[in-house]
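See below for the structure under consideration.
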Amino acid sequence: MAENCPQFELIVTIVNRGYAEDVIDAAKKAGASGGTIIHSRGTGIHENAKLFGIPIEPEKEIILTLVERIQTDAVLDAISNAVNLDTPSRGIAFVLNVEKTAGICHLRPKQDSFGNAKSS
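Per the working numbering, the sequence shown starts with residue 2, numbered consecutively.
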């Protein structure tokens, strides 16, 4: 791990198709720099719908949001509120600890010993 690189956590959010942009927008407003959207199909307990007797596998979106550990609570709360994760069948979110990173520490603004951004 690079020197002075912050600790990161990965927020994984799984929502119904069409809500990923709401998740990304909320995460950005709360301080995240963005996220990665992966399209998928769900098979959760609330997805037992059928059409003409044929099971429907609802399309899902998985959003991966890498944030500094100090931002995790704010970003997770913003995501949860934006897509109403406390409502059944709206989606889920969870946080994974990230042990090591590569290729991202250099993206942070350089700081002086007082924590102020340095100009290049």
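C-beta: ideal position from N, C-alpha, C; glycine also. In this text the structure is predicted, and so the values were computed from the model without any measurement.
For a test of the three-state rule: what should DSSP assign to residue i, helix, strand or coil?
i, result
"residue 22", "helix"
"residue 61", "strand"
"residue 94", "strand"
"residue 34", "coil"
"residue 73", "helix"
"residue 80", "helix"
Report yes if the C-beta distance between residue i and residue j is below 7 Å; otherwise report no.
i, j, result
"residue 71", "residue 14", "no"
"residue 62", "residue 18", "yes"
"residue 75", "residue 31", "yes"
"residue 11", "residue 67", "yes"
"residue 36", "residue 27", "no"
"residue 24", "residue 64", "yes"
Buried or exposed: where does residue i fall if 16 or more other Cβ atoms within 10 Å of its Cβ makes it buried?
i, result
"residue 22", "exposed"
"residue 103", "exposed"
"residue 73", "buried"
"residue 39", "exposed"
Kindly list the residues whose CB is nearer than 6 Å to the CB of residue i, restricted to its own chain and excluding five residues on each side of it in sequence; keep chain order.
i, result
"residue 6", "106"
"residue 8", "70"
"residue 20", "84"
Who are the Cβ neighbours of residue i in its own chain at under 8 Å, not counting the five residues just before and after it?
i, result
"residue 94", "12, 13, 14, 15, 77, 80, 81, 86"
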